[in-house]
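Here the structure is laid out as structure tokens; the discussion comes afterwards.
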Amino acid sequence: AEFPIDIWDGEFHDWEVRVEEDLTYLILDRLEIARVETPREYLERLYMIADYALKLRDGEPNRSVAHDMVIDSIEVLQRTSQVDSFAPPFMSRPTLFGGAMNPGETVSCIANLPDAITDVWYYWYVDGYPRGFGPSPDYTLREDDLGTELRCMVKAVGAKDQPEAWTASMTITASMSPLLREPDATFPQGPIRNFAAEIRSAPATISIPRVTIPIGDEGYLLFEMGGDGYGTAIWYEDGMMKARAGNGTSQTPKRDHLYLEAMVEQGSTHRVTIEIDPAGMGRLWIDADLADEATSNAMPKWAGDNDGGYGEGVGSIPAKGYIATQSWPLPLGQALEVFYGTIPTA
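Heads up, the sequence shown is in the numbering used here, so the first residue is 354 and it goes up one at a time.
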């Protein structure tokens with residue numbers, strides 16, 4: 354039968370090599386043209402080399418006529434299950450974190466390997482394209498990185514078989530807040546002195562510009578401020594970012610407290626913002642997206658007069674026994690921002 358596709362027609366064609374567990378396929382413009390059993394070695398490690406040439410065994414070419422072949426691009430696709438998986442000695446998937454996402458700022462990768470493994474290399478990819486590699490866990494953002502997806506592949510060079518693992522992707526966005534004015538107060542990671550009574554009894558917005566979600570379902574505390582039976586807390590647990598404000602007891606028949614939650618991807622990085630109004634309203638934002646909102650009975654204040662903490666529990670943690678109390682396990686690259694009064698976030 355005549356081959357249905359002329360590959361010398363001057364047009365680009367899509368060649369696909371698909372490696373499955375049982376068979377390997379050669380596909381041309383979505384048409385399968387060959388299949389063979391997959392060699393076991395292909396499932397261990399596969400090196401792909403793109404090479405093309407006219408072979409003399411096929412005859413001497415007419416050198417007065419051009420025989421050019423142009424490769425426009427090559428893409429390597431992996432199954433999500435493979436990219437998301439990890440194996441020993443990795444203790445969990447590697448994690449990206451960073452502060453401001455502006456050109457010249459740095460994103461770092463935590464390998465999540467035992468301390469005994471010191472020979473580690475980091476391979477950086479922006480929108481799937483390689484950007485560089487080396488032994489440094491840091492990547493400096495470029496102007497053209499904004500709006501892209503950043504990933505890092507970590508190779509444990511000093512371990513047996515040099516295993517690899519991938520981070521989740523991080524969207525590189527300029528460190529611009531969905532909030533429309535400068536914060537009234539900022540706090541570095543650590544203890545926070547309690548706010549004045551007129552602030553705790555009025556609307557407020559609490560925002561963390563850059564939060565990397567931990568790997569796993571264990572609970573970790575991001576912010577807390579309590580005392581006098583009232584308090585506000587933000588924490589992560591079971592794949593959810595959660596917030597609670599108002600009456601501080603863990604179990605109460607009262608309705609003067611708010612509860613908010615939103616699903617987040619482990620290893621991803623976001624701005625996390627909560628709005629609290631003692632009149633009985635609250636909203637949770639993930640980046641610039643409204644993730645949850647709730648209403649309750651009016652409350653006299655959203656926090657008592659005890660001190661609080663950013664990334665750790667310091668004061669009288671509200672609803673203790675209900676919310677997470679472990680300190681945040683990853684560095685928080687930017688200061689916590691607090692906005693007094695009502696501000697237009699939507």
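Every residue gets a Cβ at the ideal spot worked out from N, C-alpha and C, and that includes glycine. These numbers were taken from a predicted model, which means no experiment stands behind them.
Those residues which DSSP pairs with Lys508 across a bridge = Trp474, Glu517
Within the region 540 to 576, ranges of the beta strand (DSSP E) (whole runs, at least 3 residues) = 543 to 545, 557 to 565
What's the gap between the Cα of Gly599 and the Cα of Leu613?
-> 12 Å
For Asn650, the residue or residues it bridges with in DSSP = For Asn650, which the question treats as bridged, DSSP gives no partner whatsoever.
Using a Cβ-Cβ cut-off of 7 Å (strictly less than) and excluding sequence neighbours within five positions of Leu399, which residues of its own chain qualify?
-> Val372
Counting along the chain, where does the beta strand (DSSP E) carrying Val625 start and finish?
-> 622 to 630
Beta carbon of Ala521 nearer than 8 Å to that of Met578 = no
Who are the Cβ neighbours of Ala512 in its own chain at under 7 Å, not counting the five residues just before and after it?
-> Pro442, Ile470
Could you work out which residue in Asp359, His610, Glu428 is closest to Ile629 when comparing CA atoms only?
-> His610
In the DSSP assignment, what residue or residues form a beta bridge with Ile386?
-> Looking at the DSSP assignment, Ile386 forms no beta bridge with any residue, so it has no partner.
Would you mind giving the Cβ-Cβ distance between Gly686 and Gly487, rounded to the nearest angstrom? I have them listed as a contact below 8 Å.
-> Not really, about 22 Å apart at Cβ, beyond 8 Å.
Selection from Val625, Ala647, Thr622 that minimises the alpha carbon distance to Ala632 | Just measuring C-alpha positions, the residue of Val625, Ala647, Thr622 sitting nearest Ala632 is Ala647.
Could you spell out the range, first to last residue, of the beta strand (DSSP E) harbouring Ser461?
-> Start and end: 459 to 463.
Would you call the region 406 to 415 and the region 479 to 494 touching, i.e. three or more CB-CB distances under 8 Å?
-> no
Could you tell me whether the Cβ atoms of Asp537 and Val691 are closer together than 8 Å?
-> Between Asp537 and Val691, the C-beta gap is smaller than 8 Å, which places the two residues in contact.
Rounded straight-line distance, which links the Cα of Ala651 to that of Leu503 | 43 Å
Looking only at C-alpha atoms, which of Gly363, Ser560, Leu376 sits nearest to Pro541?
-> Here the closest residue by C-alpha is Ser560.
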